[in-house]
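Written out below as structure tokens is the structure these notes cover.
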Amino acid sequence: MTNKNPFEIRADILAMAKDYMDKQVELNTALFAQMVEAGKKTIEEVPAMYTMEELQEKAKEMYSFVSDKK
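Take 250 as the starting number for the sequence shown in my numbering and just add one per residue.
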């Protein structure tokens, strides 16, 4: 087991949050493409990419989960 300093832990959690958000974008894009093909959505309705603020919020949410001492 590796002992990581707080900076390394936060960097790992940020990377996990980014991976999570990237996967969500990938899934949403695939679903959107299927809906366009089916005629239920138009290309103008394409979902937006996540913002840095949304990524930071997801990282904070994940960090609070591991730092909660209940």
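Heads up, the beta-carbon is just placed ideally off N, CA and C, and yes, glycines get one too. Computed from a predicted model, the values in this text were never measured in an experiment.
From which residue to which residue does the alpha helix (DSSP H) around residue i run?
i: residue 208; result: No information on residue 208 is available, as it lies outside the stretch 250 to 319 that the chain covers here.
i: residue 278; result: 255-286
Would residue i be called buried (16 or more neighbouring beta carbons within 10 Å of its own) or exposed?
i: residue 308; result: buried
i: residue 266; result: buried
i: residue 262; result: buried
Using DSSP with H/G/I as helix, E/B as strand and the rest coil, what is residue i?
i: residue 297; result: coil
Just checking my contact of residue i with residue j at CB under 8 Å: how many whole Å lie between their CB atoms?
i: residue 312; j: residue 274; result: With a Cβ gap of about 21 Å, residue 312 and residue 274 do not count as contacting.
i: residue 272; j: residue 281; result: Rounded, the Cβ-Cβ distance is 15 Å, inconsistent with contact.
Would you say residue i touches the ligand GTP, meaning its beta carbon is less than 8 Å from a heavy atom?
i: residue 265; result: Among the components of this structure there are no ligands whatsoever, and the ligand GTP is therefore not found.
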